[in-house]
Amino acid sequence: HSNNRPKRDNQAKLFIEQKKIPFPVDNHNTNEELAIGYVLIGNGLYDEAIKHFSLLLQGDPELVSAIYGRGIAYGKKSLQDIKNADLALYELNRVITLEPNWPEVYEQRAEILSPLGRISEALGDLTKAIQLQPSARLYRHRGTLLFISEDYVAAMEDFQQSLELKKNQPIAMLYKGLTFFHRGMLKEAIETFKEALKLKSDFIDAYKSLGQAYRELGDFESAMESFQKALMLNQNHIQSLQLRGMMLYHHGSLQEAIGNFKRCLQLEPYNEVCQYMKGLSHVAMGQFYEGIKAQTKVMLNDPLLGQKASSEYLKVKYLREYSRYLHSHLDIPVAEYNVDQDLPGNFKNHWAKNLPFLIEDYEEQPGLQPHIKDVLPQNFDSYSSEVQKLICTADHLGALMQYDTPGFLPNRRIHRAMGLATLEVMQAMHRTWSNSKVRVNGKTRQMQWRDMFDIAVKWRRIADPDQPVLWLDQMPARSLSRGFNNHINLIRGQIINIRYLAYFDNILDFIKDRILVYHGAYNPRGLLEVRQALENVNKVEDLLPIMKFNSKTRDGFTVNSKVPSMKDSGKEYDGFTITITGDRVGNMLFSVETQTTEERTQQYQSEIESIYKDLTTKGKALMLSTELGDADAVCNLILSLVYYFCNLMPLSRGSSVVAYSVVMGALMATGKEVIGRIPKGKLVDFEAMTTPSPDSFSKTAKSWMNLKSLPSWYQSLPSVAETFPSTRTMIEVLNTDSSSHCPKKS
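Right, here's the structure in full:
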């Protein structure tokens, strides 16, 4: 390669003229030799550069520039082979000992440390470099490492500093937006992603992140538009296809979702997320052959040794077994079997807890039987006009259950399913109060409280087969005695859960009350001081200093809510647990959880049992009475019953929407129609959990629902249970498209 020599010498001369040599010396010849070494690095000839610098160091072992050059070359090689990292660090440490005030050496060392996972050392080096000579690049570099360490607040400040020093940095702006996104500050994230797009109008990643932020916010239209723009810039942008497909699935547009997953898989046949979601979408629509084929592909994708299995890989075995179960039961009337009893206990337990599928002596569900055909597309026009009216009414009722809260994406499929559940509950309660029996689990009998909820569970389950909607008290005894924790982080470190923002103040006031009660009992002398300190508490983090008042609460504390009994006045049950730990803002955990233990379950169920008995008696009387007050008493019983249901949290998923559709259906059976929508920021389950009594919950819920008297045509709607008796007919009606047929309701 000697023929490259003249070219290289020219590059070296330029290198010197542009004063690019680090640590130059007074001797021009030496500088020229050093420059050649750096040019070798620039041309990617690292081994030759190392040889070259080593020769120079034989002549002068203290030649800092050569030590530094050799360190950089080893550093470049460490990207191919990690063994070179130690050699690089050894050289750079020597440089720093000899010349401690050169910022770029610290930056070089940080670049070698961070891929080794030595993030805190790398951060130390960048901080030192910034002290010596701040620059937009250094702040951005440090911000990126802070971002990786999940210190989003500090990262945000660094990206901000970087942007102040140098405006036009779309990538720094994107990262600044991502720091907000990861903290749950979606509105700020959206603003910042838009800023990034002002700096670079064809910034695909910024459109993708903008789409994600809108999706998290629950704004379907804006998210679609952003993903669309990303895909217009690059029609093969896999992440956008994947994210858009998942959003369409969770919006209930399954056919469109499948189109996105197919495109994704054409581009990347081993994409596990797209493969899993394609399988799920097919099964949800009743296309079991295609669905199980896709699921099996995910199952064959074993993680490599020592690699963490993806969440798709963990879930797919449950989905495939459950899909086979659904397929074999497609045409059996739903009233003749019970999913909670049919699925093996350990299977349900592991599935609900999202554990790896390791189940001893597990007997697989039967494979697909060819005589059971897939669900065929159902045309809206093929239903009779009465059934069409039933479907349109269901769509309207289901939409009334939609939360108007950041973080909840409207799902049309769930709206339809839960609207039908509401109508079926209405019809079943009406039958029960008119002394008729119902058909449940192969028997004809009086309807019990659990049967009423099971109507809604059945519909919620079929609307999204990905989520295990299972009764926790039907789990194996062993796992029940340990209890199921339904755990929700409200604040974890710097991450805020925006779904529950409207309840932060509620919960905070509750905690303050409990702290006063506690200090009143155990620290009466300090009560005044605590009371004064609490007056300045406006945010959860303001509680941290107060925890220090007492050695027991120094590291954190737990507060239990209490739920009063209606059956035995004066008795209280455990509600949910609030935990706060941490010693400073930024590393605090603020969470709530309900623990479904056996004892707690029995207490709540006896409460529900007794209300339901009362409800049945009063409901039967109501059918014969014309007194307005009677309907009101029944209405309060229904809401009280659901108050205990929500506090119990008896299902592995979906308790909230199941509860609300039972409320709406049962109220409709009393002759009341729900007109109102759930107010902004409000959630059914949290409302019940943070309300101190069933009466006050009834008041609140009634103010939401704006009850009017039910139009008489509701009574003449066809029976939901008879119109959709099997899983097949239920899936058909969820698949059918009514968008151009139903009258628009405001």
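Residues 535 to 1280 (our numbering) are what the sequence shown spells out, left to right.
Note that the Cβ used here is the ideal one computed from N, Cα and C, for glycine as well.
Quantities reported herein were computed from a predicted structural model and do not represent experimental measurements.
Check	Outcome
Among S1186, A1155, T1151 and E722, the one whose alpha carbon lies nearest that of T1128	S1186
C-beta atoms of L853 and D1000 nearer than 9 Å	yes
Contained beta strand (DSSP E) runs [length at least 3] in the stretch 796-824, N- to C-terminal order	none
L943 versus D685 - alpha carbon distance	28 Å
For G879 and S1227, the rounded distance between their alpha carbons	34 Å
Unbroken alpha helix (DSSP H) run spanning D1039, endpoints	F1038 to Y1056
Own chain residues within Cβ distance below 7 Å of G1120, not counting five before or after	V687, G1027 and Q1028
Rounded straight-line distance, which links the Cα of G1153 to that of Q980	14 Å
Contact belief for R1091 with M1100 at Cβ below 8 Å, rounded distance in angstroms	Looking at the sequence provided, one finds Phe at residue 1091 rather than Arg. F1091 to M1100, Cβ: 30 Å. No contact.
Short Cβ contact (9 Å threshold) for Y602 with A619	no
Meets three-Cβ-pair contact criterion under 8 Å: the stretch 795-814 and the stretch 824-835	yes
S774 in three-state terms, based on DSSP	helix
Nearest neighbour of L801, chosen from Y1177, D736, T1224 and H771 [CA to CA]	H771
Beta-carbon proximity of I1311 to S1125, cut-off 9 Å	There is simply no residue 1311 to check, as the chain begins at 535 and stops at 1280 in what is shown.
Close Cβ partners of H964 (< 7 Å) along its chain, the five nearest in sequence each way excluded	A1203
Cβ separation of T1257 and F914, assumed to be a contact under 8 Å, to the nearest whole Å	At roughly 14 Å, the Cβ-Cβ gap does not stay under 8 Å, so T1257 and F914 are not in contact.
Cα-Cα separation between E655 and R628, rounded to whole angstroms	16 Å
Proximity test, Cβ basis, 9 Å: I601 and chain B	Of the chains in the structure shown, none is chain B; there is only one protein chain.
Alpha-carbon spacing of I989 relative to R950, whole angstroms	14 Å
Extent of the continuous alpha helix (DSSP H) to which H1021 belongs	Premise fails: H1021 lies in the beta strand (DSSP E), F1018 to R1026, not in any alpha helix (DSSP H).
Touch test, the stretch 888-903 against the stretch 708-728, Cβ-Cβ under 8 Å, three pairs minimum	no
Contact under 9 Å by Cβ, K1242 with D938	no
Neighbour-count burial assignment, S918, 16 or more Cβ in a 10 Å radius	exposed
When K907, S857, D865 and E920 are compared against Q899, the one with the closest alpha-carbon	S857
Local Cβ density within 10 Å of P1184, reported as buried at 16 or more and exposed below that	buried
Counted within 10 angstroms of its Cβ, other Cβ atoms place L838 as buried (16 or more) or exposed	exposed
Endpoints, beta strand (DSSP E) assigned at F557	Where F557 is concerned, there is no enclosing beta strand (DSSP E), given that its DSSP letter is neither H nor E.
E755, buried or exposed, once every other Cβ within 10 Å from all chains shown has been counted against 16	exposed
Where the beta strand (DSSP E) through N1094 begins and ends	G1090 to P1098
Residue interval of the beta strand (DSSP E) (run including E1106)	E1106 to T1115
Helix, strand or coil at K1242 [DSSP, three-state]	strand
Nearest neighbour of P1098, chosen from S1230, Q875, R1211 and P1079 [CA to CA]	S1230
E582, enclosing alpha helix (DSSP H) - first and last residue	Y580 to G593
Three-state secondary structure assigned by DSSP to F1258	coil
Simplified DSSP assignment, three categories, for H535	Note that H535 scores 49 on pLDDT, short of 50, meaning its location in the model is unreliable; the coordinates nonetheless yield the value given after this. Coil, per DSSP.
Beta-carbon separation (whole angstroms), Y1194 vs M935, contact threshold 8 Å	5 Å
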